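S.K.:
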Amino acid sequence: MAPGAKRRVPVPPPESDSEASPPPQRRRMAQGSQCNGGESSTQGARRGRPRSLSIEQDVEDEVFSGAEGMGATQDSNKERMIKKLVRYAISAEYTRVPIKRTEISSKVLGSHGRMFKEVFAGAQLELERVFGMRMVELPIREKTKLSQRRAAQTNDKAPSTSKSYILTTILPEKFREPEIMQPFGVKEQAYIGLTTMIVSLIYLNGRSIAETKLDRYLRRMNADRSTAAGETGKVLQSMIRHGYISKQKDDNANDGTFDYVLGPRGKVEIGTDGVLSMIKTVYGVNVPEDVEKRMERNVGFDPEAGVSQATGSHRRRERRNNGTQRQAGSEDED
1 MAPGAKRRVP VPPPESDSEA SPPPQRRRMA QGSQCNGGES STQGARRGRP
51 RSLSIEQDVE DEVFSGAEGM GATQDSNKER MIKKLVRYAI SAEYTRVPIK
101 RTEISSKVLG SHGRMFKEVF AGAQLELERV FGMRMVELPI REKTKLSQRR
151 AAQTNDKAPS TSKSYILTTI LPEKFREPEI MQPFGVKEQA YIGLTTMIVS
201 LIYLNGRSIA ETKLDRYLRR MNADRSTAAG ETGKVLQSMI RHGYISKQKD
251 DNANDGTFDY VLGPRGKVEI GTDGVLSMIK TVYGVNVPED VEKRMERNVG
301 FDPEAGVSQA TGSHRRRERR NNGTQRQAGS EDED
């Protein structure tokens, strides 16, 4: 060998085909046969579990799990819509906007319109349990004109319900003291006080008062131009927008004057019970003894006023009965 030449490493000759190891596929099959006595593991599992039973069980498991998932999703959607309705109701009441069923369908229910009753009932329970309030349906707007009443009688398609609601308190009587439920701010207090006064004047004038007559009342109270709640004209517009009162044109007058009548919110939120309370507050100790009977005779019971007025009448009867019982007890002691 020449100096500096590299030595080649000898490579052994390849083994013959007869001595080569079996292919991987045959080797795996052979191992499976040794483990299961000549039977593969897959074949053994299939022999231990019939194919038809396996398919039926898999289908049942999938259906059961799918039903559970759909039920859980439906319950979660219902809870979400209930909470959403509660938030919408409180927000609408804060701005004195009626809670309309159309708004509930569009803003809360969406494509689940058939769940209105369930969601509404759930929201009522949540409002009563947490906030001490409930949604009460507003009456339809009062028809004071003879033409409106005749049209309502002849129209079979006239709506019987307003499908609008407001929130009213369900707190016990002992928690309804002015010191506890006092409105926030001087402007809000003045607005509620003036609204109660005007609604009371409309009630006491036969549920309708001419615009000129209301101006005379406001002038006597030095509130014909401005009040602590703002300019008188703007305050009256706010009362109309909030539904406490309504303004209608007087058909009998040729000078284009208007009448103010009761609004849906004025009937439910104030009602005859609020009017009676205002009268007693104004008269003080000089209030006539038969003021309740005189008021019920002049104003009457408004069936459209709903829960608020019915509760007020019940409380007045209880007070009269309690006063009669106390008077009878004192006479017996004498």
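Going by the UniProt record's numbering, the sequence shown opens with residue 1, and the numbers climb by one from there.
Virtual Cβ for every residue (Gly too), placed ideally from N, Cα, C.
Every value quoted in this text rests on a predicted model; they were computed, and no experiment measured them.
Since R141 and T168 should fall inside the 8 Å C-beta cutoff, what is the C-beta to C-beta distance between them, to a whole number of angstroms?
M.R.: As a position in the sequence shown, residue 141 is number 141, starting the count at 1. As a position in the sequence shown, residue 168 is number 168, starting the count at 1. Their Cβ separation, rounded to whole angstroms, is 19 Å, which puts R141 and T168 out of contact at 8 Å.
S.K.: Starting from the Cα of D273, find the closest Cα among E103, M197, S160 and give me that residue.
M.R.: As a working mapping, residue 273 is identified with position 273 in the sequence shown. Of the candidates E103, M197, S160, the one whose C-alpha sits nearest the C-alpha of D273 is M197.
S.K.: Does D259 pass the burial test, meaning 16 or more other C-beta atoms within 10 Å, or should it be called exposed?
M.R.: Along the sequence shown, read from residue 1 onward, the residue named residue 259 stands at position 259. Answer is buried; the Cβ neighbour count reaches 16.
S.K.: Could you check if I209 is buried or exposed, using at least 16 other CB atoms within 10 Å of its CB as the buried criterion?
M.R.: Here residue 209 corresponds to residue number 209 of the sequence shown, with the count starting at 1. By the 10 Å Cβ count, I209 comes out buried.
S.K.: Tell me whether K163 sits in a helix, a strand or coil according to DSSP, three-state version.
M.R.: Here residue 163 corresponds to residue number 163 of the sequence shown, with the count starting at 1. Residue state, collapsed to three classes: coil.
S.K.: Which residues in the same chain have their Cβ closer than 7 Å to the Cβ of I202, if we skip the five residues on either side of it in sequence?
M.R.: In the sequence shown, counting from the first residue as 1, residue 202 sits at position 202. These residues qualify, in order along the chain: S208, I209, I245, Y260, V261, L262.
S.K.: What residue does the beta strand (DSSP E) around E137 start on, and which one ends it?
M.R.: The residue you call residue 137 lines up with position 137 of the sequence shown. Where E137 is concerned, the enclosing beta strand (DSSP E) stretches over 133-137.
S.K.: Is it true that the segment 111-124 meets the segment 74-81, where meeting means three or more beta-carbon pairs spaced less than 8 Å apart?
M.R.: Cβ pair count under 8 Å is three or more, so yes.
S.K.: Please report the Cβ distance between S164 and I99, rounded to the nearest whole angstrom; I am assuming they are in contact, meaning their Cβ atoms lie under 8 Å.
M.R.: What you label residue 164 is simply residue 164 of the sequence shown in a count that begins at 1. What you label residue 99 is simply residue 99 of the sequence shown in a count that begins at 1. About 7 Å separates the two Cβ atoms, so the contact holds.
S.K.: Tell me the rounded alpha-carbon separation between N205 and L236.
M.R.: Taking the first residue of the sequence shown as position 1, residue 205 is located at position 205. Taking the first residue of the sequence shown as position 1, residue 236 is located at position 236. Their Cα atoms are separated by approximately 18 Å.
S.K.: Under a Cβ-count criterion, where at least 16 other Cβ atoms within 10 Å of its own Cβ denotes burial, should F120 be classed as buried or exposed?
M.R.: Residue numbering aside, residue 120 sits at position 120 when the sequence shown is read from its first letter. Result: buried.
S.K.: Sort L276, L138, I279 by Cα distance to T161 and report the nearest one.
M.R.: Taking the sequence shown and counting its residues from 1, one reaches residue 161 at position 161. The option with the nearest alpha carbon to T161 is L138.
S.K.: When the Cα atoms are used, what is the spatial distance from Q189 to D251?
M.R.: For the purposes of this step, residue 189 is taken as residue 189 along the sequence shown, with counting starting at 1. For the purposes of this step, residue 251 is taken as residue 251 along the sequence shown, with counting starting at 1. Whole-angstrom Cα-Cα distance: 35 Å.
S.K.: Using three-state DSSP, classify L171 as helix, strand or coil.
M.R.: Numbered from 1 along the sequence shown, position 171 holds the residue referred to as residue 171. Coil at L171, not helix or strand.
S.K.: Hey, would you say V291 sits closer than 8 Å to I279, going by beta carbons?
M.R.: As a first step, residue 291 is located in the sequence shown; it is residue number 291 there, counting from the start. As a first step, residue 279 is located in the sequence shown; it is residue number 279 there, counting from the start. Yes; because the gap between Cβ atoms is below 8 Å, this pair is in contact.
S.K.: Rounded to a whole number of angstroms, what is the C-alpha to C-alpha distance between V299 and P288?
M.R.: As a position in the sequence shown, residue 299 is number 299, starting the count at 1. As a position in the sequence shown, residue 288 is number 288, starting the count at 1. In a straight line, the C-alpha of V299 is about 16 Å away from that of P288.
S.K.: Leaving out the 5 sequence neighbours to the left and right, which residues in its chain are closer than 6 Å to T257 when beta-carbon positions are compared?
M.R.: Locating residue 257 in the sequence shown gives position 257, where the first residue counts as 1. Once the five neighbours on either side are set aside, the close Cβ partners of T257 are E211, D250.
S.K.: How far does the beta strand (DSSP E) with V119 in it extend, from its first residue to its last?
M.R.: Taking the first residue of the sequence shown as position 1, residue 119 is located at position 119. First-last for V119: 116-126, but that is the alpha helix (DSSP H), not the beta strand (DSSP E).
S.K.: Buried or exposed: T227, going by 16 or more other Cβ atoms within 10 Å of its Cβ?
M.R.: In the sequence shown, residue 227 corresponds to position 227, counting from 1. It counts as buried.
S.K.: Work out the CA separation of K293 and A223 for me, nearest whole Å.
M.R.: Translated into positions along the sequence shown, residue 223 becomes position 223. Translated into positions along the sequence shown, residue 293 becomes position 293. Those two C-alpha atoms are separated by around 30 Å.
S.K.: Express the C-alpha separation of L171 and Y217 in angstroms, rounding to a whole number.
M.R.: For the purposes of this step, residue 217 is identified with residue 217 of the sequence shown, where counting begins at 1. For the purposes of this step, residue 171 is identified with residue 171 of the sequence shown, where counting begins at 1. Near 34 Å, if we compare the C-alpha coordinates of L171 and Y217.
S.K.: With C-beta atoms as the reference, is L127 less than 8 Å away from V108?
M.R.: The residue you call residue 127 lines up with position 127 of the sequence shown. The residue you call residue 108 lines up with position 108 of the sequence shown. Going by C-beta atoms, L127 is not nearer than 8 Å to V108.
S.K.: Are A166 and V130 close, meaning C-beta to C-beta below 8 Å?
M.R.: Position 166 of the sequence shown, counted from the first residue, corresponds to residue 166. Position 130 of the sequence shown, counted from the first residue, corresponds to residue 130. For clarity, residue 166 is Ile in the given sequence; the question names Ala instead. For I166 and V130, no; Cβs fall outside 8 Å.
S.K.: Just confirm the distance between the C-beta atoms of T232 and R225, as a whole number of angstroms; I'd bet it's less than 8 Å.
M.R.: The residue labelled residue 232 in the question sits at position 232 within the sequence shown. The residue labelled residue 225 in the question sits at position 225 within the sequence shown. That pair is a contact at about 6 Å.
S.K.: Give the secondary structure of S208 by DSSP, where H, G and I count as helix, E and B as strand, and everything else as coil.
M.R.: Along the sequence shown, one-based indexing puts residue 208 at 208. S208 falls in the strand class under three-state DSSP.
S.K.: Around the Cβ of Y94, are there at least 16 other Cβ atoms within 10 angstroms (buried) or fewer (exposed)?
M.R.: To locate residue 94, count along the sequence shown from 1; it is residue 94. It counts as exposed.
S.K.: Give every residue of the same chain whose Cβ lies closer than 8 Å to the Cβ of S105, excluding the five residues on either side of it in the sequence, and list them in chain order.
M.R.: Here residue 105 is taken as the residue at index 105 of the sequence shown, counted from 1. Excluding residues within five positions, the ones whose Cβ falls inside 8 Å are G113, F116.
S.K.: Can you give, in chain order, each stretch of the alpha helix (DSSP H) that sits fully within the segment 218-293 and has at least 4 residues?
M.R.: You should have 232-242, 271-283.
S.K.: Just tell me which of T195, A229, L125 has its CA closest to the CA of K83.
M.R.: Numbered from 1 along the sequence shown, position 83 holds the residue referred to as residue 83. Nearest of T195, A229, L125 to K83, Cα basis: L125.
S.K.: Could you tell me which of S111, G110, R176 sits nearest to G132, measuring between CA atoms?
M.R.: As a position in the sequence shown, residue 132 is number 132, starting the count at 1. The shortest Cα separation from G132 among S111, G110, R176 belongs to R176.
S.K.: Could you tell me the alpha carbon to alpha carbon distance between Y191 and E296, rounded to whole angstroms?
M.R.: As a position in the sequence shown, residue 191 is number 191, starting the count at 1. As a position in the sequence shown, residue 296 is number 296, starting the count at 1. Their backbone Cα atoms lie some 26 Å apart in a straight line.
S.K.: State the Cα-Cα distance for the pair K234 and L276, rounded to the nearest angstrom.
M.R.: As a first step, residue 234 must be located in the sequence shown, where it is residue number 234. As a first step, residue 276 must be located in the sequence shown, where it is residue number 276. Distance between the alpha carbons of K234 and L276 is about 27 Å.
S.K.: Tell me which same chain residues have a C-beta within less than 7 Å of the C-beta of K187, skipping the five on either side of it?
M.R.: For the purposes of this step, residue 187 is taken as the residue at position 187 of the sequence shown. So the list reads A228, A229, once near-sequence residues are dropped.
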